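Asker: Once you've had a glance at the structure underneath, I'll fire off some questions.
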Amino acid sequence: MEEEQECIMHYSRSHKMLLVGKGDFSFSACLARAFGSAKNMVSTSLDCRKTLMVKHPTAKANFEELEKLSCTILHEVDCHTMNNHPFLKSTTFDRIIFNFPHAGFHYRHEHEQEQIICLPRLHQKVVKGFFRSARDMLTTNDEAHVTHKTSHPVNKWEVEKLANEAGLCLAKEVEFQIQDYPGYHNKRGDGNRSDESFPVGMCSTFKFILHIQTIPACTSLDAVACMWLDRYDPIWKPKLRKTRSKHIFKEYFEI
Ligand SMILES: C[S@@+](CC[C@H](N)C(=O)[O-])C[C@H]1O[C@@H](n2cnc3c(N)ncnc32)[C@H](O)[C@@H]1O
């Protein structure tokens, strides 16, 4: 039996996680396998199960593994409206994750040739819808993660700007390496090659947090201070984890 891990990259077995826009569910299965449990995990796809099984035959084995590890699997979850989904409504998550958001492929027939047309605005709409909905499912220490390519043309989507417009701000960008997630097969997810992987190339995980103005007014100054110090100050981080001192803000600034 494989040894269970507490963490894999940015994700810990204690995190309450919502995974969105899944392809063959291999990313969720990778995390669940590493943690030896998926009881804190809700993993979702836009497609219904029947369509998904046609698009990604390998999903079956991943469902079986995830279900054995107590993962909640939901289908037909649209990232624009997930905050109003009957099962997810009024729930918050430590991590909300969307890997390689994409609106699908659109085709044009020209001179008897089929061409894929690039519609960045449609992809931006998916990403912005995700941020808007995720914003309502996060509290002060929580993060929404989007992993996407940082090369042309995806770098033109202005993901950070879309997040800002939705009330989130970038906390950190971390280079993404697919080999950090054993068993994960990123999928095109649409068109007649939906089950194929695509080369990830230059790629990052972008971690977003609630913009300071989006944090509910009832949040105390100490809680906000803790959040920022926890995130940005490596010396205070271990101390904060231990004490979560009520007067941390005062102590830190020696006031
Ligand atoms: C390039 S695929 C990536 C699939 C998967 N996340 C992966 O990493 O293998 C893009 C995915 O975005 C999903 N998607 C597109 N629009 C969506 C929406 N409005 N809500 C949820 N998922 C969506 C598609 O169903 C598709 O699976």
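For the sequence shown, the numbering used here assigns the number -16 to the initial residue and increments by one for each residue that follows.
For every residue, glycine included, the Cβ atom is placed at its ideal position computed from N, Cα and C.
What you are looking at is a predicted structure, and each value in this text was computed from that prediction instead of being measured.
1) As an exercise, report each continuous beta strand (DSSP E) stretch of at least 3 residues that is fully enclosed by the segment 33 to 94, in chain order.
2) Looking at Arg171 and ligand 1, is the gap between the Cβ and the nearest heavy atom below 7 Å?
3) Do Pro84 and ligand 1 come close, with the Cβ less than 7 Å from some heavy atom?
4) In the DSSP assignment, find the alpha helix (DSSP H) that holds Ala15 and state where it starts and stops.
5) Using the C-alpha atoms, what's the distance from His(-2) back to Ser228?
6) Is it true that the CB of Ile56 sits closer than 8 Å to the CB of Leu1?
7) In chain order, what residues of the same chain have a beta carbon less than 8 Å from the beta carbon of Glu48, not counting five sequence neighbours either side?
8) May I have the straight-line CA-CA distance separating Val25 from Glu126, to the nearest angstrom?
9) Among Thr74, Phe83 and Lys51, whose alpha-carbon lies nearest the alpha-carbon of Lys170?
10) In or out: Gly184 buried (at least 16 other Cβ within 10 Å) or exposed?
11) Is it the case that the CB of His4 approaches a heavy atom of ligand 1 more closely than 7 Å?
12) Please list, in chain order, all residues of the same chain as Gly19 whose beta carbon is under 6 Å from its beta carbon, the five residues on each side excluded.
13) Where Ile231 and Asn124 are concerned, what is the direct C-alpha to C-alpha distance, given to the nearest angstrom?
14) Should Trp28 be labelled buried (16 or more other beta-carbon atoms within 10 Å of its own) or exposed?
15) For Leu121, tell me which candidate among Thr75, Asp178 and Ala146 has the shortest Cα-Cα distance.
16) With respect to 7 Å, is the separation between the Cβ of Leu29 and the closest non-hydrogen atom of ligand 1 below this value?
17) For the structure I just gave you, are there three or more beta carbon pairs, one from the segment 175 to 194 and one from the segment 153 to 161, closer than 8 Å?
18) Counting only the same chain and skipping the five closest in sequence on each side, list residues whose C-beta sits under 8 Å from that of Glu103.
19) Looking only at its own chain, which residues have a Cβ that is under 7 Å from the Cβ of Lys51, when we skip the five neighbours before and after it?
20) Find out if the Cβ-Cβ distance for the pair His58, Gly6 is shorter than 8 Å.
21) Take Ser9 and list the residues in its own chain whose beta-carbon comes closer than 6 Å to its own, dropping the five residues that flank it on each side.
22) Hey, is Asp178 close to ligand 1, as in C-beta under 7 Å from one of its heavy atoms?
23) Smallest Cα separation from Asp61: which of Thr41, Met36, Val3 and Arg118?
24) In chain order, which beta strand (DSSP E) runs of at least 3 residues are fully inside the segment 133 to 175?
Answerer: Well, looking at it:
1) 55 to 57, 78 to 82 and 89 to 93
2) What you label residue 171 is simply residue 188 of the sequence shown in a count that begins at 1. True, at least one ligand heavy atom lies under 7 Å from that Cβ.
3) In the sequence shown, the residue the question calls residue 84 occupies position 101. It does: the Cβ of Pro84 is within 7 Å (strictly closer) of some heavy atom of ligand 1.
4) Taking the first residue of the sequence shown as 1, we reach residue 15 at position 32. Here the alpha helix (DSSP H) through Ala15 covers Ser9 to Phe18.
5) On the sequence shown, position 245 is the one that residue 228 refers to. On the sequence shown, position 15 is the one that residue -2 refers to. The pLDDT assigned to Ser228 is 43, lower than 50, so where the model puts this residue is not dependable, and the model offers no usable value.
6) Residue 1 sits at position 18 when you count from the first residue of the sequence shown. Residue 56 sits at position 73 when you count from the first residue of the sequence shown. The answer is no: Cβ separation not under 8 Å.
7) Taking the sequence shown and counting its residues from 1, one reaches residue 48 at position 65. Contacts found: Ala12, Ala15 and Arg16.
8) As a working mapping, residue 25 is identified with position 42 in the sequence shown. As a working mapping, residue 126 is identified with position 143 in the sequence shown. C-alpha separation (whole angstroms): 15 Å.
9) Here residue 170 refers to the residue found at position 187 of the sequence shown. The shortest Cα separation from Lys170 among Thr74, Phe83 and Lys51 belongs to Phe83.
10) Counting from 1 along the sequence shown, the entry for residue 184 is found at position 201. Result: exposed.
11) The residue you call residue 4 lines up with position 21 of the sequence shown. The sequence given here has Gly at residue 4, not His. Correct: Gly4 has its Cβ closer than 7 Å to ligand 1.
12) Numbered from its first residue, the sequence shown carries residue 19 at position 36. Closer than 6 Å at the Cβ level, and outside the excluded window around Gly19, lie Glu(-13).
13) Here the question's residue 231 lines up with position 248 in the sequence shown. Here the question's residue 124 lines up with position 141 in the sequence shown. Unreliable positioning characterises Ile231 in this predicted model, as indicated by a pLDDT of 47, which lies under 50. A coordinate reading is not provided.
14) Taking the sequence shown and counting its residues from 1, the one referred to as residue 28 is at position 45. The amino acid at residue 28 is misidentified as Trp; the sequence shows Ser. It counts as buried.
15) Here residue 121 refers to the residue found at position 138 when the sequence shown is read from its first residue. Considering only alpha carbons, the answer is Thr75.
16) Locating residue 29 in the sequence shown gives position 46, counting from the first residue. Yes - ligand 1 has a heavy atom lying nearer than 7 Å to the Cβ of Leu29.
17) yes
18) Position 120 of the sequence shown, counted from the start, is the residue given in the question as residue 103. Correcting the residue identity first, residue 103 is Pro in this sequence and not Glu. Contacts found: Pro136, Lys139 and Trp140.
19) In the sequence shown, the residue the question calls residue 51 occupies position 68. Cβ neighbours of Lys51 beyond the five flanking positions: none.
20) The residue you call residue 58 lines up with position 75 of the sequence shown. The residue you call residue 6 lines up with position 23 of the sequence shown. Against a cut-off of 8 Å, the Cβ pair of Gly6 and His58 comes out as no contact.
21) Within the sequence shown, the letter at position 26 stands for residue 9. The answer, listed in chain order, is Asn45, Gly166, Tyr167 and His168.
22) Locating residue 178 in the sequence shown gives position 195, where the first residue counts as 1. Every heavy atom of ligand 1 is 7 Å or more from the Cβ of Asp178, so no.
23) Looking up residue 61 in the sequence shown gives position 78. Among Thr41, Met36, Val3 and Arg118, the Cα nearest to that of Asp61 belongs to Val3.
24) 151 to 158
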